[in-house]
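Asker: For the first sequence, the numbering used here assigns the number 2 to the initial residue and increments by one for each residue that follows.
Think of the CB as a built atom: it goes at the ideal place given N, C-alpha and C, for glycine as much as any other residue.
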Amino acid sequence: MERNHLDFASPEKADHNDIHGSSVTSCGYSMKHEPKDSRVSAGSGVIGTSNQNPRDVISSAEGEEHNTEDEDNNSEDAQKQLVLYDPAAVGAGEIELVADPVDSQPRRNSFPNYASRILPSVGAFTVQCANCFKWRLIPTKEKYEEIREHILEQPFYCETAHEWRAELSCNDPPDLTQDGSRLWAIDKPNIAQPPPGWERLLRIRGEGGTRFADVYYVAPSGKRLRSMVEVEKYLQEHPEYVAQGVSMSQFSFQIPRPLQDNYVKKRPYRPALAHDEIEPVNRIAWIDQDGDTDLRLGMPGVPLFESLNQSFKKKRTPSKRMSNADAACKSS
DNA sequence: GCCACCGGTGGC
DNA sequence: GCCACCGGTGGC
Numbered sequence: 002m003e004r005n006h007l008d009f010a011s012p013e014k015a016d017h018n019d020i021h022g023s024s025v026t027s028c029g030y031s032m033k034h035e036p037k038d039s040r041v042s043a044g045s046g047v048i049g050t051s052n053q054n055p056r057d058v059i060s061s062a063e064g065e066e067h068n069t070e071d072e073d074n075n076s077e078d079a080q081k082q083l084v085l086y087d088p089a090a091v092g093a094g095e096i097e098l099v100a101d102p103v104d105s106q107p108r109r110n111s112f113p114n115y116a117s118r119i120l121p122s123v124g125a126f127t128v129q130c131a132n133c134f135k136w137r138l139i140p141t142k143e144k145y146e147e148i149r150e151h152i153l154e155q156p157f158y159c160e161t162a163h164e165w166r167a168e169l170s171c172n173d174p175p176d177l178t179q180d181g182s183r184l185w186a187i188d189k190p191n192i193a194q195p196p197p198g199w200e201r202l203l204r205i206r207g208e209g210g211t212r213f214a215d216v217y218y219v220a221p222s223g224k225r226l227r228s229m230v231e232v233e234k235y236l237q238e239h240p241e242y243v244a245q246g247v248s249m250s251q252f253s254f255q256i257p258r259p260l261q262d263n264y265v266k267k268r269p270y271r272p273a274l275a276h277d278e279i280e281p282v283n284r285i286a287w288i289d290q291d292g293d294t295d296l297r298l299g300m301p302g303v304p305l306f307e308s309l310n311q312s313f314k315k316k317r318t319p320s321k322r323m324s325n326a327d328a329a330c331k332s333s
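1) By the DSSP assignment, the beta strand (DSSP E) with isoleucine 205 in it spans what residues?
2) Along the alpha helix (DSSP H) that carries valine 334, what are the first and last residues, could you check?
3) At the level of alpha carbons, what is the spacing between serine 250 and alanine 193?
4) Only counting the same chain, and skipping five residues up and downstream in sequence, which positions put a Cβ closer than 7 Å to that of phenylalanine 254?
5) Helix, strand or coil: how does DSSP classify threonine 1 here?
6) What does proline 196 pair with, by DSSP beta-bridge criteria?
7) Please go through the same chain and pick out, in chain order, the residues whose beta-carbon is closer than 8 Å to the beta-carbon of lysine 135, but skip the five residues on each side of it.
8) Taking all protein chains shown into account, decide if lysine 224 is buried (16 or more other Cβ within 10 angstroms of its Cβ) or exposed.
9) Return the chain-ordered list of same chain residues with a C-beta closer than 6 Å to the C-beta of leucine 169, the five sequence neighbours on each side being excluded.
10) Note the first and the last residue of the continuous beta strand (DSSP E) segment covering arginine 137.
11) By alpha-carbon positions, which one of Phe213, Thr178, Leu120 ends up nearest to isoleucine 256?
12) In terms of alpha-carbon separation, which member of Arg258, Ile148, Arg109 lies closest to leucine 1?
13) Please look up how many angstroms separate the CB atoms of glycine 210 and valine 123, rounded, as I've assumed it's under 8 Å.
14) What separation, rounded to the nearest whole angstrom, lies between the Cα atoms of isoleucine 152 and glutamate 164?
15) Quick one: what's got a C-beta closer than 8 Å to serine 308's C-beta in the same chain, skipping five residues either side?
16) Who pairs with proline 257 in a beta bridge, going by DSSP?
17) Buried or exposed, going by whether 16 or more other CB atoms sit within 10 Å of the CB of arginine 180?
18) How should serine 1 be labelled, buried or exposed, when 16 other C-beta atoms within 10 angstroms of its C-beta is the threshold for buried?
19) State the Cα-Cα distance for the pair glutamine 261 and glycine 246, rounded to the nearest angstrom.
20) Give the single residue among Phe157, Glu146, Thr178, Glu208 whose Cα lies nearest to the Cα of glutamate 200.
21) Ignore the nearest five residues each way along the sequence and tell me which others in valine 232's own chain have a CB closer than 8 Å to its CB.
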């Protein structure tokens with residue numbers, strides 16, 4: 002019945018117009034209050050880099066505890082790397098995480114509707130002590146992965162950190178708190194370490210997308226693999242790795258879960274398809290003759306047609322646009 | 001042309 | 001709702 006939370010925080014570099022208040026404020030960005038399309042700021046890894054704005058992070062929209070006063074030491078926190086383990090957290094066997102120093106190069110998406118914002122990236126690895134529940138920074142991604150691999154059988158305690166912090170005990174203040182200055186994500190426990198020479202990459206997506214993150218494995222050859230199917234195929238084509246002992250059990254594409262609710266766009270409700278009969282009539286018909294999918298009824302950032310698309314999935318057209326016939330359904 | 005990032009599907 | 005997979009595409 003114990004829970005394991007590994008966390009990694011994503012410090013992010015805030016955009017100038019996201020910084021409210023004094024420059025001392027630890028966070029220039031609160032997603033909660035952000036207008037939908039001012040999604041300009043984002044995370045850039047800070048840990049272990051010379052980034053000079055380590056304080057700017059993605060805020061967590063909820064689950065904030067405000068326990069202690071160490072909140073504004075984030076500039077320092079953000080320069081460490083850590084992992085947390087939370088035996089008390091809900092959701093058996095989960096691990097929280099926040100951000101990854103290794104992947105901390107500034108990333109930008111390049112999608113039309115996202116105005117080249119910087120994307121979040123992992124800035125710190127943390128694990129919660131199973132005894133005192135304080136979050137402890139883990140110095141490296143590798144150490145984090147090592148801890149995560151056996152977190153269920155080998156819970157993390159402050160003493161576990163003696164390997165890199167000889168004096169640490171449960172009496173010491175937490176390294177990090179969920180103060181809203183970072184994006185927090187709940188990692189999965191017991192994920193195997195990647196095979197030697199391989200790297201497991203976690204890429205956090207931008208807010209409001211359809212998924213929170215993606216996992217990639219990078220083979221020693223540099224080849225990026227993005228699913229078990231691809232790994233299997235790759236290993237078949239490169240038996241030398243198998244000969245070295247690489248096996249499928251060393252791979253997992255499980256992604257963490259964002260602590261912040263609504264970070265990921267909810268998937269529209271999909272009505273069960275009754276046999277082969279879907280009545281496309283009397284749905285919505287705001288799509289014009291050109292098949293223009295820019296909604297007139299929709300709000301910015303709320304592409305209603307997507308839910309429509311779901312309703313019509315059996316009649317999906319090859320292009321992203323609905324045919325005029327499909328759209329001609331508002332029989333009101 | 002490559003590839004990082006995102007959308008969307010089907011299955012459960 | 002979550003997960004796994006993979007196609008599409010803008011930017012480089």
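Answerer: According to the structure shown:
1) As a working note, residue 205 is residue 204 in the first sequence. 200-205 is the extent of the beta strand (DSSP E) around isoleucine 205.
2) Nothing about residue 334 can be reported from this structure: the residues present for the chain run from 2 to 333 only.
3) The count along the first sequence starts at 1 and reaches residue 250 at position 249. The count along the first sequence starts at 1 and reaches residue 193 at position 192. Each residue's Cα considered, the two are about 7 Å apart.
4) Along the first sequence, one-based indexing puts residue 254 at 253. The residues are Val216, Ser228, Met229.
5) It is not possible to answer for residue 1, since the shown part of the chain is limited to 2 through 333.
6) Translated into positions along the first sequence, residue 196 becomes position 195. Answer by DSSP bridge pairing: none, since proline 196 is not bridged.
7) Your numbering for residue 135 matches position 134 in the first sequence. Excluding positions up to five away in sequence, the list reads Gln129, Cys159, Cys171, Asp173, Pro174, Pro175, Asp176.
8) One-based indexing of the first sequence puts residue 224 at position 223. Result: exposed.
9) In the first sequence, the residue the question calls residue 169 occupies position 168. Result list for leucine 169: Cys159, Ala162, in chain order.
10) The residue you call residue 137 lines up with position 136 of the first sequence. 136-139 is the extent of the beta strand (DSSP E) around arginine 137.
11) Taking the first sequence and counting its residues from 1, one reaches residue 256 at position 255. Taking only the C-alpha atoms, the option nearest isoleucine 256 is Phe213.
12) The structure shown does not extend to residue 1, since the chain spans only 2 to 333, so no value can be given for it.
13) Taking the first residue of the first sequence as 1, we reach residue 210 at position 209. Taking the first residue of the first sequence as 1, we reach residue 123 at position 122. At roughly 17 Å, the Cβ-Cβ gap does not stay under 8 Å, so glycine 210 and valine 123 are not in contact.
14) Working through the first sequence from its first residue, we reach residue 152 at position 151. Working through the first sequence from its first residue, we reach residue 164 at position 163. C-alpha separation (whole angstroms): 16 Å.
15) Reading the first sequence from its first residue, position 307 is the one you call residue 308. With a pLDDT of 25 at serine 308, under the threshold of 50, the modelled position of that residue is not reliable, and no figure is offered here.
16) The residue given as residue 257 occupies position 256 in the first sequence. Proline 257 is not bridged to any residue.
17) Mapped onto the first sequence, residue 180 falls at position 179. The amino acid at residue 180 is misidentified as arginine; the sequence shows aspartate. Label assigned to aspartate 180: buried.
18) Shown here, the chain extends from 2 to 333; a query on residue 1 therefore has no answer.
19) Counting from one through the first sequence, the residue named residue 261 turns up at place 260. Counting from one through the first sequence, the residue named residue 246 turns up at place 245. Distance between the alpha carbons of glutamine 261 and glycine 246: 39 Å.
20) Stepping through the first sequence from its first residue, residue 200 is reached at position 199. Out of Phe157, Glu146, Thr178, Glu208, Glu146 has the C-alpha closest to the C-alpha of glutamate 200.
21) By 1-based counting over the first sequence, the position of residue 232 is 231. So the list reads Tyr218, Leu226, Met249, Phe252, once near-sequence residues are dropped.
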